[in-house]
Every structure is written in C-alpha cells, then in structure tokens.
Amino acid sequence: MRESVNDTATSAATTVLGRLNDADALALYHDLSIHELGRPAFARAQELHPEPYRTYVVDRNINYANVCTARCTFCNFYAQPGAADAYILTHAQIGRKIEELLEIGGTQILMQGGLVPSQSHPSGHGLPFTWYLDLLRFIKKNYATIHVHAFSPPEIWALHQVFQIPLPDVLRRLQEAGLDTIPGGGGEILVERVRRKIGQGKSTTEQWLEVMRAAHQIGMKTSCTMMFGHIETIPERIEHLRRLRDLQDETGGFTAFIHWPFQPEGTPLGRWIRPPEPSPESQASRPVPDGKHLYLADAHEYLVMLAIARLYLDNIPNIQSSWVTMGPKIGQLALFFGANDMGSVMMEENVVSSAGTTFRLNEDEIRRLISAAGWRPQQRDQYYRPIDPSRRRTAPPVVS
Ligand code: SF4
Numbered sequence: 012m013r014e015s016v017n018d019t020a021t022s023a024a025t026t027v028l029g030r031l032n033d034a035d036a037l038a039l040y041h042d043l044s045i046h047e048l049g050r051p052a053f054a055r056a057q058e059l060h061p062e063p064y065r066t067y068v069v070d071r072n073i074n075y076a077n078v079c080t081a082r083c084t085f086c087n088f089y090a091q092p093g094a095a096d097a098y099i100l101t102h103a104q105i106g107r108k109i110e111e112l113l114e115i116g117g118t119q120i121l122m123q124g125g126l127v128p129s130q131s132h133p134s135g136h137g138l139p140f141t142w143y144l145d146l147l148r149f150i151k152k153n154y155a156t157i158h159v160h161a162f163s164p165p166e167i168w169a170l171h172q173v174f175q176i177p178l179p180d181v182l183r184r185l186q187e188a189g190l191d192t193i194p195g196g197g198g199e200i201l202v203e204r205v206r207r208k209i210g211q212g213k214s215t216t217e218q219w220l221e222v223m224r225a226a227h228q229i230g231m232k233t234s235c236t237m238m239f240g241h242i243e244t245i246p247e248r249i250e251h252l253r254r255l256r257d258l259q260d261e262t263g264g265f266t267a268f269i270h271w272p273f274q275p276e277g278t279p280l281g282r283w284i285r286p287p288e289p290s291p292e293s294q295a296s297r298p299v300p301d302g303k304h305l306y307l308a309d310a311h312e313y314l315v316m317l318a319i320a321r322l323y324l325d326n327i328p329n330i331q332s333s334w335v336t337m338g339p340k341i342g343q344l345a346l347f348f349g350a351n352d353m354g355s356v357m358m359e360e361n362v363v364s365s366a367g368t369t370f371r372l373n374e375d376e377i378r379r380l381i382s383a384a385g386w387r388p389q390q391r392d393q394y395y396r397p398i399d400p401s402r403r404r405t406a407p408p409v410v411s
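Just so you know, we're using the working numbering here: the sequence shown kicks off at 12 and counts up by one.
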C-alpha cells in the first residue's frame, strides 16, 4: 500500500496519472509522512508556478459590522443585535480606513461583517439593502482604484433571505454598485454534520456553494477557504475539498484556496468541547479525529493538510500560506509544502494607532521571508497579477 500511495503522490505531482480520488487523499493522510507529502506538493506548486517569485497582497481587513444574527460557536467576534458592544461603521469611517490603506501602497480591502438584520429589527441595529449598495458606490466614487473583495457567502445569502431578493439579483446589484470579488469566508467545513454543530443560523453547505456558483456565473471571481482542526473527521476534510473541486470543475471561478486551523481562545467551541483524554496509542502516533472531540490542528497538521490540498485541488491555481495564524516561520515553510502566495500584509488598525508601527515594516517582513526562502517577493492584485511598484497609488484628498 505504502508503495502505491507513494506512486500516487508522485504521479499527482507530475500529472501523469490524473487526479486523486477521495480514497487516494485519505491514503495520503494516513500512510505518508509529512516529508513524503511535502515533496510532491512542492513539485506540484513549482509546476503550477515556475515563475521566479512568490506573491503577496497589501490590503486592509475592514469589519464593517459585528452585529450578527448567527451563533457560531467558534466565533468571538459577533455581537447580538441590540448588545452594548454592537457596532456598524459609517461610510465615512470606512472611507478613512481606505485612505490609511492607500497611504501605505495598499490595493484592496477585505470587507466582511456579521449577518446584520434589516432596518426594521427592533434592536435598532439593522440595515436596509441600499446601505450596502450605497457603501460600494461611495467607495468606487471616492477610491476608484481600490479593489473591493467583500461579503462572504453567508452574508450574501443573508441579504437574499432578509430582503427577499433573488440571489442572482443580489449579486448583480452588488456587482453593479462596485463589488469586485467575494472572499471564501464562512466555508469552515462544507459538511452538514459539522456545520449544524458549529454554525447555528448560518448558511448551509448547499447555500454557501450556491452563492459561489451564482457569483462565478456572472463573472465574479472568488476565493475559497477551509477552517479545520475542530470537530471534523479526516474524511469530512476531504469531502470539503471535493465540494470545492467539483464546483471549480463546473465554473472555474475560484482563484485561490486558503486554510487555517481553528483558534479556540475565548470561543464557546473551545470551552465546551474538550480534547480526548491522551492514551498511550495517541501519544505514539498522530491522533485521528473522531468527529466528537476537539482535535486542534498544530503546525504539523497544517502543513500535512496544505500538501494534501495542493495535490487534491488540481484545478485551483493558487494556495495561500496562512502565516497570520501559523506564524512567520511556518508561513514561510508553507512555500515548500504547496503554497505559492504569502497572502495578505493585512493592515491592522490597532497596530497603526497604538504602537505606531508602520505597515511598511509588515510588508518588509513578508518580503524578507519570501527572499530568504529563495524567491523574489512580488506584490500582486486579487487576480494574482504582479503589480508594478510604480503603479502604486497615493491617497486622494480626505472625503467627508
Ligand atoms: S456568521 Fe458566525 S462567524 Fe460570522 S460573525 Fe456571525 S457568528 Fe461570527
């Protein structure tokens, strides 16, 4: 078996024998060491990206609202409508954040929020559909060159449900107002057994995929994600990858895959579900998630899943390193396990306002990590096209 799995992995790297099926992927997970997985995954990434550089994007994460009607047990961000700490940013506040981004050479915003109820919600924390359209028009009018990567599938599904507007119309109207691409947030694990347990009130697997399909059908590119290392089993991780690969076969609309381990600090899921009692058996070998206990993923598990994703997702061109959750060293190592992109130099407001740290430092660190790994660092746009440094924009006058 071991020999045949090695053959499968090698052939996946060279595309001689075609794509992996689910049984192949499971065999890779269970039978190969991290080193045996890393080699073909790196070869596959090199084959897809022979260019002498590895990329990154300079963007800003703007969370326009933390008000949310869902109750995801892995989330410590949301506030219930009417809660004292609930907020919705104004368009002007969002505009100021974009100006700060432009000042450091940023090219896009990643804008996401909770599932905000309609304006008629008794809490007073609600929005009309026109708020989203006006926001996009405001951004495009005042910051025309900024790429708007915004509204994950659960948010878009909520707009469709709350305002009773057909899904294609929601997407078309957002696109006409200025939405460029959609982030893959809210994917978690695309298996209903898992979603029912961790994402109460949030879109189902089919709804998440339906939003992505509808976006791709109007020519809108999206990314896709996986948050793993909680209560899912290994076959469920592979099922998640299969759902993404199948949709990509159909539409070709995913630009990139990004995966990261669940971060349990302060979350209900981290408190309620305990890790299994250690046994001599699990100490001697890699424990196998059973779907009942919490199996947090460490750096080793992250790299193993990265390599398997690179080999299995043969139709998704880019995979990002998740250095934000894994740290810079593992983030750099990811470039040798199938990733070809260092993701985002994400501008954090608290860093700017308190410590006085500049984003240029953050960008320099990313560039240094790429250089030290042996590639030329290259800033890119959301379509993974290199950006000429001379084309960087400067901030326009402040808009009131
Ligand atoms: S949908 Fe879930 S993950 Fe997103 S803000 Fe609401 S509770 Fe958090």
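Each residue gets a CB set at the ideal place from its N, CA and C atoms; glycine is no exception.
Check	Outcome
Y67 (DSSP reduced to helix, strand or coil)	strand
Beta-carbon proximity check, M353 vs A310, cutoff 8 Å	no
Alpha-carbon spacing of I249 relative to A34, whole angstroms	9 Å
Alpha carbon of T423 to alpha carbon of L305, nearest angstrom	Nothing can be reported for residue 423, as the shown portion of the chain is limited to 12 through 411.
Helix, strand or coil at Y395 according to DSSP, with G and I counted as helix	coil
Closer than 7 Å: A161 CB and nearest the ligand SF4 heavy atom	no
L413 to A384 span [Cα, whole Å]	Outside the shown range of the chain (12 to 411) lies residue 413, about which nothing can therefore be said.
Proximity of S333 and W271 at Cβ, strictly below 8 Å	yes
Length of the line joining the Cα atoms of R391 and R378	12 Å
Beta-carbon spacing of M223, T233 below 8 Å	yes
G210 CB to nearest heavy atom of the ligand SF4 below 7 Å	yes
The region 140-147 / the region 78-94 touching (three or more Cβ pairs under 8 Å)	no
Through-space distance from A81 to T216, alpha-carbon basis	15 Å
Start and end residues, alpha helix (DSSP H) containing R387	That residue, R387, is in no alpha helix (DSSP H); its beta strand (DSSP E) goes 387-390.
D399 versus I245: straight-line alpha-carbon distance, rounded	41 Å
Cβ-based burial, R285 [other Cβ within 10 Å; buried from 16]	exposed
Beta bridge counterpart(s) of C235 as assigned by DSSP	F268
Where T352 sits in the DSSP three-state scheme	According to the sequence as given, residue 352 is Asp; it is not Thr. Three-state DSSP puts D352 in a strand.
Check: P165 C-beta below 7 Å from any heavy atom of the ligand SF4	yes
Proximity below 8 Å, CB of I327 to CB of L317	no
Separation of V299 from V71, as counted between CA atoms	For the record, residue 71 in the displayed sequence is Arg; it is not Val. Between R71 and V299, the C-alpha separation is close to 37 Å.
Any non-hydrogen atom of the ligand FAD within 7 Å of G125 CB	For the ligand FAD, the structure offers nothing, since it holds only the ligand SF4.
Opening and closing residue of the beta strand (DSSP E) in which A161 lies	158-161
Closer than 7 Å: K152 CB and nearest the ligand SF4 heavy atom	no
Spatial neighbours of T66 in its chain, beta-carbon cut-off 6 Å, leaving aside the 5 residues before and after	D352, Q389, R391
V173 and S214 closer than 8 Å at C-beta	no
Buried versus exposed, by CB contacts within 10 Å (16 or more), P397	exposed
Residue of F149, E247, L146, H241 minimising C-alpha distance to E276	H241
With 16 other Cβ atoms within 10 Å as the buried cut-off, status of E58	exposed
For L121, the first and last residue of its enclosing alpha helix (DSSP H)	Not the alpha helix (DSSP H): L121 falls in the beta strand (DSSP E), residues 119-123.
Counterpart residues of R82 in DSSP-defined beta bridges	Q211
Rounded C-alpha distance that separates G49 from H60	16 Å
Contact belief for L170 with V159 at Cβ below 8 Å, rounded distance in angstroms	With 8 Å as the limit, L170 and V159 do not qualify as a contact, their Cβ atoms being about 15 Å apart.
Between the CA atoms of N153 and E243 - distance to the nearest angstrom	44 Å
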